[in-house]
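Asks: I have a structure I would like to understand better, so I am pasting it below and will then ask my questions one at a time.
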Amino acid sequence: AQSVTQLDSQVPVFEEAPVELRCNYSSSVSVYLFWYVQYPNQGLQLLLKYLSGSTLVKGINGFEAEFNKSQTSFHLRKPSVHISDTAEYFCAVSVGGWMNSGGSNYKLTFGKGTLLTVNP
Amino acid sequence: DAGITQSPRYKITETGRQVTLMCHQTWSHSYMFWYRQDLGHGLRLIYYSAAADITDKGEVPDGYVVSRSKTENFPLTLESATRSQTSVYFCASSESGVSTDTQYFGPGTRLTVL
Numbered sequence: 581a582q583s584v585t586q587l588d589s590q591v592p593v594f595e596e597a598p599v600e601l602r603c604n605y606s607s608s609v610s611v612y613l614f615w616y617v618q619y620p621n622q623g624l625q626l627l628l629k630y631l632s633g634s635t636l637v638k639g640i641n642g643f644e645a646e647f648n649k650s651q652t653s654f655h656l657r658k659p660s661v662h663i664s665d666t667a668e669y670f671c672a673v674s675v676g677g678w679m680n681s682g683g684s685n686y687k688l689t690f691g692k693g694t695l696l697t698v699n700p
Numbered sequence: 002d003a004g005i006t007q008s009p010r011y012k013i014t015e016t017g018r019q020v021t022l023m024c025h026q027t028w029s030h031s032y033m034f035w036y037r038q039d040l041g042h043g044l045r046l047i048y049y050s051a052a053a054d055i056t057d058k059g060e061v062p063d064g065y066v067v068s069r070s071k072t073e074n075f076p077l078t079l080e081s082a083t084r085s086q087t088s089v090y091f092c093a094s095s096e097s098g099v100s101t102d103t104q105y106f107g108p109g110t111r112l113t114v115l
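Taken in sequence, the protein lines are chains E and R.
In our numbering, each residue carries its 1-based index in the first sequence increased by 580.
In our numbering, each residue carries its 1-based index in the second sequence increased by 1.
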């Protein structure tokens, strides 16, 4: 079974400072990795995902993440944050192929989230 | 507008009552999902559906019932609500059930069971 650990439940930073949100995963098979963002009172939306290829993945709003297989990590970074980046960020991992009724081998597992608060 | 919508956005009910949360998507996505979000637990999958009339249990299905008679709708019913079902519920959809697919989330329904 796979699991996701987001190492910080809350990260406060000042505007224009760099930020890193940490995510580690555990899986016995190859995984696909996602970062979702949830703005206040909204649903989740995809920031970026790693499927294969280059380990540095660029997403929306200036965010990027680096897949590190040896350290089983997928940390999210932004060089300069804005007030509008205040949100909760979820790391997620999926394994398996198809999600089939009656016997799925596909599962998307979310971390518990990191609340990023950007202060002026 | 295209997208995925949920109703109601907020609901307060009493223990033992039946509650139905609605989810509607306009993309004709095959797969739809129901999650609950609780502090300290992240998101947990309740049920999912691969197509109309095909549904299956997720991680925490007890106390919930789903149906999917039309591709675009995926209602979630709490047949006899309990306080432990107080949570924020998110509906999501994806084009296929492949593990590389992006899931698109609705705005959520905040349910309080008194």
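Virtual Cβ for every residue (Gly too), placed ideally from N, Cα, C.
Could you give the DSSP three-state label for Gln104(R): helix, strand or coil?
Replies: Your numbering for residue 104(R) matches position 103 in the second sequence. It is coil, neither helix nor strand.
Asks: Please list, in chain order, all residues of the same chain as Gly693(E) whose beta carbon is under 6 Å from its beta carbon, the five residues on each side excluded.
Replies: Position 113 of the first sequence, counted from the first residue, corresponds to residue 693(E). Cβ within range, chain order: Glu668 and Phe670.
Asks: Relative to the C-alpha of Phe647(E), which residue among Phe614(E), Asn641(E) and Asp665(E) is closest?
Replies: Counted from its first residue, the first sequence places residue 647(E) at position 67. In terms of CA proximity to Phe647(E), Phe614(E) leads the group Phe614(E), Asn641(E) and Asp665(E).
Asks: Pull up the distance between the alpha-carbon of Arg69(R) and that of Leu631(E), whole angstroms please.
Replies: The count along the second sequence starts at 1 and reaches residue 69(R) at position 68. The count along the first sequence starts at 1 and reaches residue 631(E) at position 51. Cα to Cα, the separation comes out at about 30 Å.
Asks: Return yes when the Cβ of Val609(E) is within less than 8 Å of the Cβ of Thr689(E), no when it is not.
Replies: Indexing the first sequence from 1 puts residue 689(E) at position 109. Indexing the first sequence from 1 puts residue 609(E) at position 29. No; because the gap between Cβ atoms is not below 8 Å, this pair is not in contact.
Asks: Rounding to the nearest angstrom, what Cα-Cα distance links Lys12(R) and Ala52(R) in this structure?
Replies: On the second sequence, position 11 is the one that residue 12(R) refers to. On the second sequence, position 51 is the one that residue 52(R) refers to. Taking the straight line joining both Cα atoms gives about 27 Å.
Asks: Could you tell me the alpha carbon to alpha carbon distance between Leu44(R) and Gly691(E), rounded to whole angstroms?
Replies: For this step, residue 44(R) is matched to residue 43 along the second sequence. For this step, residue 691(E) is matched to residue 111 along the first sequence. Rounded to the nearest angstrom, the two C-alpha atoms are 8 Å apart.
Asks: Roughly how far, in whole angstroms, is the beta-carbon of Arg37(R) from the beta-carbon of Tyr90(R), given that I think they are within contact range, below 8 Å?
Replies: For this step, residue 37(R) is matched to residue 36 along the second sequence. For this step, residue 90(R) is matched to residue 89 along the second sequence. That pair is a contact at about 5 Å.
Asks: Exposed or buried, which one is Tyr619(E) when buried takes at least 16 other CB atoms within 10 Å?
Replies: The residue labelled residue 619(E) in the question sits at position 39 within the first sequence. Classification of Tyr619(E): exposed, given that the 10 Å Cβ count is below 16.
Asks: Measure the CB-CB distance between Pro108(R) and Gln625(E) and report whether it falls below 8 Å.
Replies: Numbered from 1 along the second sequence, position 107 holds the residue referred to as residue 108(R). Numbered from 1 along the first sequence, position 45 holds the residue referred to as residue 625(E). Against a cut-off of 8 Å, the Cβ pair of Gln625(E) and Pro108(R) comes out as no contact.
Asks: From the DSSP output, read off the bridge partner residues of His25(R).
Replies: As a working mapping, residue 25(R) is identified with position 24 in the second sequence. According to DSSP, which records beta bridges pairwise, His25(R) is partnered with Thr6(R) and Asn74(R).
Asks: Report the rounded CA-to-CA distance for Leu695(E) versus Val591(E), giving the unit in angstroms.
Replies: Position 115 of the first sequence, counting from 1, holds the residue named residue 695(E). Position 11 of the first sequence, counting from 1, holds the residue named residue 591(E). Their Cα atoms are separated by approximately 6 Å.
Asks: Taking the alpha-carbon positions, what's the Ile640(E) to Lys649(E) distance?
Replies: Counting from 1 along the first sequence, the entry for residue 640(E) is found at position 60. Counting from 1 along the first sequence, the entry for residue 649(E) is found at position 69. Taking the straight line from one Cα to the other gives about 23 Å.
Asks: Would you identify the three-state DSSP class for Asp39(R), choosing helix, strand or coil?
Replies: Looking up residue 39(R) in the second sequence gives position 38. If DSSP states are grouped into helix, strand and coil, Asp39(R) belongs with the strands.
Asks: Counting only Cβ-Cβ distances shorter than 9 Å, please list the residues of the stretch 614-630 of chain E near chain R, keeping chain order.
Replies: Phe614, Tyr616, Gln618, Asn621, Gln622, Gly623, Leu624, Gln625, Leu626 and Lys629
Asks: According to DSSP, is Gln19(R) helix, strand or coil?
Replies: Sequence index remark: in the second sequence, residue 19(R) carries index 18 (1-based). Of the three classes helix, strand and coil, the one that applies to Gln19(R) here is coil, per DSSP.
Asks: Could you tell me which chain R residues have their CB closer than 8 Å to the CB of Leu688(E), listed as they occur along the chain?
Replies: The residue labelled residue 688(E) in the question sits at position 108 within the first sequence. Correct list: Leu46, Ser100 and Gln104.
Asks: Can you give me the C-alpha to C-alpha distance between Arg10(R) and His30(R), rounded to a whole angstrom?
Replies: Residue mapping note: residue 10(R) aligns to position 9 of the second sequence, counting from 1. Residue mapping note: residue 30(R) aligns to position 29 of the second sequence, counting from 1. When rounded, the distance between both Cα atoms is 22 Å.
Asks: Measure how close the beta-carbons of Gly129(R) and Thr83(R) come, nearest whole angstrom, since I'm counting them as under 8 Å.
Replies: With chain R represented from 2 up to 115, any question about residue 129(R) goes unanswered, as that position is not in the structure.
Asks: Would you identify the three-state DSSP class for Gln651(E), choosing helix, strand or coil?
Replies: As a first step, residue 651(E) must be located in the first sequence, where it is residue number 71. It is coil, neither helix nor strand.
Asks: Quick one: is Phe91(R) near chain E, going by C-beta distance under 8 Å?
Replies: Translated into the one-based positions of the second sequence, residue 91(R) becomes position 90. Interface residue, yes.
Asks: Determine whether the Cβ of Gly107(R) lies closer than 8 Å to any Cβ atom of chain E.
Replies: Looking up residue 107(R) in the second sequence gives position 106. Yes - at least one Cβ of chain E is within 8 Å of the one on Gly107(R).
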